[in-house]
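Report on the following structure.
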Amino acid sequence: MSGDSSRTYPASVTHVTRRMVKGLWLGLVVFRMINALAVTTFFQPDEYFQSLEPAWQLAFGTESGAWITWEWEYRLRSSLHPAIFGAFYFVAGFCLRPLEHYPHLRALILTNLPNLVQAYFAALGDFYTWQLAEKIYGRRNHAAWATLWISLLSPWQWFFSTRTFSNCLEMTLTTVALYFWPWALSSESHLHPTCSDAEVNGSITILRSLFLALVYP
């Protein structure tokens, strides 16, 4: 790996870099939210039956009309992924009570909410794809920026990343875990972090891997 990412920059440069990173992150979130609202096609039933239907039941109860497939009744899947959307459904349902007389508006908000939540995770995946590339190729390296643009301009990412599959969240968690993995401990690496840095990054990776295992159906 390149040693550029361990270089110490002047305070003014660091300040500009942080502002740039923050602006990039906000831009990625906006981009993926537009992506989520623009993709209105149907792809695969699991987009609903493995996440949104059980999430709806978690938020609004067993009499809410959710379509629950057999594997949920036999508890064969992890409920952690639907619970994320269920929490947003529950909060949104409470906040939208004043709109009970405007059912179409309420339905529009609740229909688009899960994809906007997933858009945040998709943006997180794009961001850490770029961060991982910077760690590999070096800060401000053209290859890192090319990696980000490939992720953003990928037709498959546009079509898939903002959908409510558990695989979409798994993809993001895997990317984040790879970024925090203490690669510098490798004998072939040019990076030499302190033991405490390696321990922290290793602990973060283990926790994210554990969460990934819990999310996996």
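Per the numbering used here, residue -7 is the first one in the sequence shown, and the count goes up by one each step. Don't be surprised by glycine CBs; every beta carbon is placed ideally from N, CA and C. Please read all numbers here as calculations on a predicted model, not as lab measurements.
So V168 is in the alpha helix (DSSP H); what residue range does that whole segment cover? For the purposes of this step, residue 168 is identified with residue 176 of the sequence shown, where counting begins at 1. First-last of the alpha helix (DSSP H) with V168: S158 to F172.
Element boundaries [alpha helix (DSSP H), containing L76]: Indexing the sequence shown from 1 puts residue 76 at position 84. Contrary to the premise, residue 76 reads as Ile rather than Leu in this sequence. Run containing I76: L72 to C87, per the alpha helix (DSSP H) assignment.
Please classify V109: is it buried, with 16 or more other beta-carbons within 10 angstroms of its beta-carbon, or exposed? The residue labelled residue 109 in the question sits at position 117 within the sequence shown. Buried: at least 16 other Cβ atoms inside 10 Å.
Which of the three DSSP states is assigned to W59 in this structure? The residue you call residue 59 lines up with position 67 of the sequence shown. It is coil, neither helix nor strand.
Taking only three categories from DSSP, how would you classify E92? Along the sequence shown, one-based indexing puts residue 92 at 100. DSSP, reduced to helix, strand and coil, places E92 outside both helices and strands of the structure shown, so it counts as coil.
Does I60 pass the burial test, meaning 16 or more other C-beta atoms within 10 Å, or should it be called exposed? The residue you call residue 60 lines up with position 68 of the sequence shown. With fewer than 16 other Cβ atoms from the protein chains shown falling within 10 Å of its own Cβ, I60 counts as exposed.
Please classify V31: does DSSP put it in a helix, a strand, or coil? Along the sequence shown, read from residue 1 onward, the residue named residue 31 stands at position 39. Looking at V31 - three-state DSSP - the assignment turns out to be coil, as it is neither helix nor strand.
Could you give the DSSP three-state label for Y120: helix, strand or coil? For the purposes of this step, residue 120 is identified with residue 128 of the sequence shown, where counting begins at 1. In this structure, Y120 counts as helix in the three-state DSSP scheme.
N133 by DSSP, collapsed to three states: which one? Taking the first residue of the sequence shown as position 1, residue 133 is located at position 141. In the three-state scheme derived from DSSP, where H, G and I count as helix and E and B as strand, N133 is classed as coil.
Would you mind stating whether T50 and F80 have Cβ atoms separated by less than 8 Å? Taking the sequence shown and counting its residues from 1, one reaches residue 50 at position 58. Taking the sequence shown and counting its residues from 1, one reaches residue 80 at position 88. At residue 50 the sequence reads Leu, which differs from the Thr that was named. Not closer than 8 Å, so no.
Hey, how far is the Cα of T186 from the Cα of Y94? Taking the sequence shown and counting its residues from 1, one reaches residue 186 at position 194. Taking the sequence shown and counting its residues from 1, one reaches residue 94 at position 102. Residue placement at T186 cannot be trusted, given a pLDDT of 43 that sits under 50; what the coordinates show is reported in the next sentence. In a straight line, the C-alpha of T186 is about 58 Å away from that of Y94.
Assigned secondary structure, P37 (DSSP; H/G/I helix, E/B strand, else coil): Here residue 37 refers to the residue found at position 45 when the sequence shown is read from its first residue. It is coil, neither helix nor strand.
Report buried or exposed for L116, applying the criterion of at least 16 other Cβ atoms within 10 angstroms of its Cβ. Taking the first residue of the sequence shown as position 1, residue 116 is located at position 124. Buried, because 16 or more other Cβ atoms sit within 10 Å of the Cβ of L116.
Hey, how far is the Cα of F113 from the Cα of M163? Taking the first residue of the sequence shown as position 1, residue 113 is located at position 121. Taking the first residue of the sequence shown as position 1, residue 163 is located at position 171. Approximately 9 Å between the Cα atoms of the pair.
Whole-angstrom C-beta distance between P74 and A58, which should lie under 8 Å: Taking the sequence shown and counting its residues from 1, the one referred to as residue 58 is at position 66. Taking the sequence shown and counting its residues from 1, the one referred to as residue 74 is at position 82. Contact doesn't hold; Cβ gap of about 10 Å is too wide.
Mind checking which residues open and close the alpha helix (DSSP H) that includes A47? Here residue 47 refers to the residue found at position 55 when the sequence shown is read from its first residue. For A47, the enclosing alpha helix (DSSP H) stretches over residues E45 to F52.
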